Amino acid sequence: MTMPLEIITLPCLSDNYAFLLHNDDTGQTALVDAPEEAAIKAELDKRGWGLDLILLTHHHWDHVDGVDALRAAFGAKVVGASADAHRLPDLDLSVSEGDRFDCLGAEVEVLDVSGHTVGHIAFHLPSENAVFTADSLMALGCGRLFEGTPGQMWASLQKLKALPSETTVYSGHEYTQSNARFAITIEPDNKALRLRANAIDNARAEGRPTVPSTLQEEKDTNPFLRADLAEVKNALGMAHAQDAEVFAEIRSRKDNF
1 MTMPLEIITL PCLSDNYAFL LHNDDTGQTA LVDAPEEAAI KAELDKRGWG LDLILLTHHH
61 WDHVDGVDAL RAAFGAKVVG ASADAHRLPD LDLSVSEGDR FDCLGAEVEV LDVSGHTVGH
121 IAFHLPSENA VFTADSLMAL GCGRLFEGTP GQMWASLQKL KALPSETTVY SGHEYTQSNA
181 RFAITIEPDN KALRLRANAI DNARAEGRPT VPSTLQEEKD TNPFLRADLA EVKNALGMAH
241 AQDAEVFAEI RSRKDNF
């Protein structure tokens with residue numbers, strides 16, 4: 001039986017996360033997003049690991065800035081979205097929604113999660129109960145809509161929400177504490193949210209990351225995943241509105257929070 005991959009949450013820059021995946025059987029290592037070279041190379045060197053594969057979620061600089069230096073240092077192959085290829089570092093493998101490819105012996109399913117950007121993808125590894133969502137679904141939040149529409153982002157979140165509830169969600173930033181403060185303005189009576197907010201405050205006070213989370217936690221507490229629920233619509237005075245309209249209202253409020 002194949003051992004599960006080891007997954008390391010690696011803080012980068014001021015509030016970004018990259019993720020290292022390692023197969024102990026083969027000694028191979030992959031990276032999801034490359035916000036910077038220094039922190040990632042230091043962690044690889046500390047562990048005595050190389051770097052075989054870099055998976056990119058979207059083109060923003062704080063997710064790709066370290067790619068070229070890491071590729072030069074380790075000879076890693078780079079995977080990214082076909083739709084984003086014109087503004088990503090050079091890709092060895094271009095992928096689209098529904099594609100599957102091998103990552104260290106685990107199958108990866110590609111999901112188009114456009115909204116934050118158009119061409120943003122997520123990587124789902126069913127065997128690892130893991131999904132790497134970067135700036136689409138985030139811990140208690142979702143990415144600001146720089147390029148896509150509310151309808152696009154709502155559809156993207158529905159794809160992610162449909163994954164198994166025990167899936168671990170590896171998202172791209174440490175925004176969870178401010179996201180929690182906002183979420184409570186939407187659902188002040190959500191007991192699970194209040195408990196999670198307290199746990200987040202404790203984690204940050206101790207310098208611990210709040211990423212990853214579980215999809216079940218997000219379904220219970222993340223207002224952006226809950227825009228279809230009657231209690232959320234009622235709280236916003238939008239009882240008869242379409243789900244995507246409610247999502248758009250929540251996103252607008254967050255933008256101005």
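Every letter in the sequence shown is one number past the one before it in full-length UniProt numbering, and letter 100, counting from 1, is 100. All residues carry an ideal CB built from backbone N, CA and C; glycine is no exception. These numbers were taken from a predicted model, which means no experiment stands behind them.
What's the call for residue i, buried or exposed, on a 16-neighbour Cβ count within 10 Å?
i, result
"T117", "buried"
"T185", "exposed"
"G98", "exposed"
"N23", "buried"
"R47", "exposed"
"L157", "buried"
"A230", "exposed"
"R251", "buried"
"S96", "exposed"
"R208", "exposed"
"E206", "exposed"
"A130", "buried"
If you drop the 5 nearest sequence neighbours on each side, which residues of the same chain put their C-beta closer than 7 Å to that of residue i?
i, result
"I200", "T176, Q177, A180 and T210"
"residue 260", "Limits of the chain in this structure are 1 at one end and 257 at the other, which puts residue 260 out of reach."
"E187", "L193, P223, V232 and A235"
"A241", "K233"
"P150", "A244, F247, A248 and R251"
"E218", "L137, V169 and L225"
Apart from the five residues on each side of it in sequence, which residues of its chain come closer than 6 Å, Cβ to Cβ, to residue i?
i, result
"D135", "H116, G143 and G172"
"F123", "L55, V108 and F132"
"S94", "S82 and A85"
"I8", "L20"
"residue 264", "Since the first residue shown for the chain is 1 and the last is 257, residue 264 is missing from the structure and cannot be characterised."
"F257", "F182"
"D228", "D243"
"P91", "In the sequence as presented, Pro is not what sits at residue 91; that position holds Leu. Result list for L91: V78, G80 and A85, in chain order."
"Q216", "S165"
Whose C-alpha, out of the options, is nearest the C-alpha of residue i?
i, options, result
"T26", "N129, L51 and L10", "L51"
"residue 261", "G48, D62 and D255", "No answer is possible for residue 261: it lies beyond the span of the chain, which begins at 1 and ends at 257."
"A192", "Q216, D220, E166 and G207", "D220"
"N190", "A39, N222, P212 and G148", "N222"
"V64", "N16, G98, D45 and L104", "N16"
"F247", "E217, Q152 and L160", "Q152"
"A76", "A239, A106, W154 and Q28", "Q28"
"K41", "D24, H60, L53 and G66", "G66"
"F146", "A235, H59, E174 and A38", "H59"
"R100", "L91, P126 and V113", "P126"
"K161", "L137, A69, K233 and R71", "L137"
"G148", "V78, L195, D112 and Q242", "D112"
"G119", "A155, L53 and T57", "T57"
"A139", "E43, A106, R196 and I121", "R196"
"M3", "W49, R71 and E128", "E128"
"R226", "N202, D45, G141 and V110", "G141"
"F74", "R87, A203, L91 and W49", "W49"
"L163", "D92, G237 and V110", "V110"
"P212", "N198, E174 and D45", "E174"
"S114", "A106, D102, R87 and K159", "K159"
Give me, in chain order, the residues of the same chain whose beta-carbon lies closer than 8 Å to that of residue i; leave out the 5 immediate sequence neighbours on both sides.
i, result
"T214", "S165, E166, T167, T168 and V169"
"A239", "A230 and K233"
Return the Cβ separation of residue i and residue j in integer angstroms, given the expectation that the two are a contact with Cβ distance under 8 Å.
i, j, result
"L104", "L5", "6 Å"
"P89", "V78", "6 Å"
"D255", "W154", "Incorrect: roughly 15 Å between the Cβ atoms, too far for contact."
"L70", "E37", "6 Å"
"A30", "L53", "4 Å"
For residue i, decide whether its Cβ has a neighbour in chain B, counting only Cβ atoms nearer than 9 Å.
i, result
"T221", "Reference to chain B is not applicable here, since this structure consists of a single protein chain."
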